[in-house]
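Numbering (our numbering), first residue to last: 32 to 472.
In C-alpha cells:
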C-alpha cells in the first residue's frame, strides 16, 4: 500500500471545502410552517417539557446521539504539545469516525486551557449539550485528574480514549495472542514499557481481566519502576515492583511472555526479543514509529506474535475498534458512566469477533484473500461492520448488569436490527473509505 504524502493529506483536508465534517438538518425546513415548528413559536413546547423533566432532552433534541470530542492539544498523537488550534484536525477526524462507524454525531471542541481545574469547569459547563464526552490528547498526569473529576461531577459518560481505548483494544488483542501462543493471562509475565496514561490504563484493565500484578514489570525512561526509587509520583508508585533483580528494560524482558510498548521508537532490540520466553508476544505501539520495526522484530525469531499501531502491518492495535461502539452503547442505554465492566465486555466481544470467518468484502478491502484468526489476524479489521452489532449489545448488557444504565433495552433482536440500519445508512461512506484504505496505509 502506498504511503500518505504531505501533499495528499493537505489537499484532502482543504478541498472541496476545508475540514472533514458539517452540520446537516434532520427535519423539514422548506416552508414557513416548518420553520415555525423548528424555532419560534414551536420550539417553546419542547423547552418547557425539558424544563419540567430534564431527561426529556434525550427525546426532543439530538443529545442522545451527540458526543463531544474535547482536547487542549497537550499530547496529540505523536506530535506532542502542539496546542488547541493545531489539534483541531485530529478532533475533526475523531468526529468523522464516530459518524461513519457508529452513526453518532460529534462536535470537536478545542479548549485553550492547560490548568486542570479550569479545564474541568469548562467541560462541566458544556455537559448539558451532550450525551457523552470523549476526552482526547491530554497529557499525563493532568489527564488523570481531569477525567476523574469529570466522571465524579457529571452524570453523562466520560472517557479519555488515549487511556481506555488503547487499553480495551490491546486487551482484546492480548486475549487472542495468548490463546494462539498457548498461554494464559493469569500466568503470563508482562513487561510494560512506558508509564504514561495509556500504559497505566492498559495495565489496570489487563489485571481486571486476570493478569497477576506481581507478574507485571513497568518501565519508564529511567528504567524499571521499583519501590526503592525515590523519584516516583503517586501514579507510578501504584505500579512499582518489589523485584530486586531487574533494573533495566533488557533485564526485565529475560523470560517475559509479553512486551507492551507505549513509549518511543527504537528502544526494543532483536536481542531483547530473543531473550524472551518461547512463543512471545510483542505489542510495539509507539506511533508513528514503533519500539522496534516490524522487519527487525519478525527476523529476530519465528515464534513471535507482533502488533503495532500502524495500518500498514498485520495486527494493528487501533482505537477505532472501540470508541465508536463504546459511546454508541453508552448513549443508547443512557449510561451515567463508562465503567470497568463495560470496558471488559468490549475487550472480550472484540476478541471473540476475530474468531469468526471474515466476510469476503472485508478481506478484499485489505488485499488479503485468506484472512483468518491466527498469528497475523488477532483483531477484527476497522471496516468490519459486525463490530457495531456484536460489540455494542455486549457493552449495554454490562452497563445494565453493573447498574449504570438508565434506559433498559428489552428486545435485543429489534435493537440489533436498528444497529444494522445505521450500518446501511453509512454504506456509501464506508465503501468510499474502504476504497481509500486500500490505496494508502
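All C-beta atoms in this analysis are idealised placements derived from N, C-alpha and C, irrespective of residue type, glycine included.
Fair warning: this is a prediction, and the values are worked out from it, not measured in the lab.
- Message: Need the endpoints of the alpha helix (DSSP H) that residue 420 sits in, please.
- Response: 417 to 432
- Cα separation between residue 401 and residue 415? 15 Å
- In terms of alpha-carbon separation, which member of 367, 399 and 224 lies closest to residue 344? 399
- Task: Could you tell me which uninterrupted beta strand (DSSP E) segments, each at least 3 residues in length, are contained entirely in the stretch 157 to 188, listed from first to last along the chain?
- Result: 163 to 166
- Item | Stretch pair the stretch 194 to 206 + the stretch 343 to 363: three plus CB contacts closer than 8 Å | yes
- Applying the criterion that 16 or more other CB atoms from any shown protein chain within 10 Å of the CB defines a buried residue, is residue 34 buried or exposed? exposed
- Item | In DSSP terms, what residue 344 is bridged to | Residue 344 pairs with nothing; no bridge assigned.
- Message: Looking only at its chain, what residues have a beta carbon closer than 8 Å to the beta carbon of residue 348, apart from the 5 residues adjacent to it on each side?
- Response: 197, 200, 201, 204, 314, 316, 338, 339, 340 and 410
- Check whether the Cβ atoms of residue 224 and residue 280 sit closer than 8 Å, and answer yes or no. yes
- Could you pull the start and end residues of the alpha helix (DSSP H) that residue 132 belongs to? 115 to 133
- Residue from 128, 130, 257 and 178 whose Cα sits closest to the Cα of residue 149: 178
- Where residue 472 falls: helix, strand or coil (DSSP): In this prediction, residue 472 scores a pLDDT of 32, lower than 50, which makes its location untrustworthy; the coordinate-derived value is nonetheless stated afterwards. Looking at residue 472 - three-state DSSP - the assignment turns out to be coil, as it is neither helix nor strand.
- Query: Is the number of C-beta pairs between the stretch 181 to 192 and the stretch 279 to 299 that are closer than 8 Å three or more?
  - Reply: no
- Take residue 137 as the anchor and find which of 359, 219 and 422 has the nearest alpha-carbon. 359
- Grab me the residues of residue 329's own chain with a C-beta within less than 8 Å of its C-beta, minus the 5 sequence neighbours each way, in chain order. 335 and 337
- Could you pull out every unbroken beta strand (DSSP E) segment of at least 3 residues lying fully inside the stretch 211 to 275, listed in chain order? 221 to 224 and 247 to 251
- Over what stretch of residues does the alpha helix (DSSP H) that includes residue 53 continue unbroken? Element bounds for residue 53: n/a, residue is neither H nor E.
- In the DSSP assignment, what are the bridge partners of residue 141? 102
- Message: Whether or not the stretch 71 to 81 and the stretch 118 to 137 are in contact is what I'm after, with contact meaning three or more pairs of Cβ atoms, one per stretch, closer than 8 Å; do they touch?
- Response: no
- Item | Which of helix, strand or coil DSSP assigns to residue 297 | coil
- What's the call for residue 363, buried or exposed, on a 16-neighbour Cβ count within 10 Å? buried
- Beta-carbon separation of residue 104 and residue 141 under 8 Å? yes
- Task: Please state whether DSSP places residue 289 in a helix, a strand or coil.
- Result: strand
- By Cβ distance below 6 Å, which residues in the same chain neighbour residue 73 in space, the five residues on each side in sequence not counted? 67
- Task: With a 10 Å radius around its C-beta and 16 neighbouring C-beta atoms as the bar for buried, classify residue 452 as buried or exposed.
- Result: exposed
- Counted within 10 angstroms of its Cβ, other Cβ atoms place residue 69 as buried (16 or more) or exposed: exposed
- Message: Rounded to whole angstroms, what is the Cα-Cα separation between residue 143 and residue 153?
- Response: 10 Å
- Query: Does DSSP put residue 400 in a helix, in a strand, or in coil?
  - Reply: coil
- Query: Got a sec, what are the start and stop residues for the alpha helix (DSSP H) residue 81 sits in?
  - Reply: 75 to 83
- Query: Which stretch, first to last residue, makes up the beta strand (DSSP E) that contains residue 368?
  - Reply: Taken as a continuous stretch (DSSP letters only), residue 368 belongs to no beta strand (DSSP E), as it is neither H nor E.
- With a 10 Å radius around its C-beta and 16 neighbouring C-beta atoms as the bar for buried, classify residue 94 as buried or exposed. buried
- Task: Pick helix, strand or coil for residue 136, following the three-state DSSP scheme.
- Result: strand
- Message: Can you find the residues in the same chain that come closer than 6 Å, C-beta to C-beta, to residue 77, ignoring five residues on each side of it along the sequence?
- Response: 91
- Task: Report the rounded CA-to-CA distance for residue 436 versus residue 250, giving the unit in angstroms.
- Result: 37 Å
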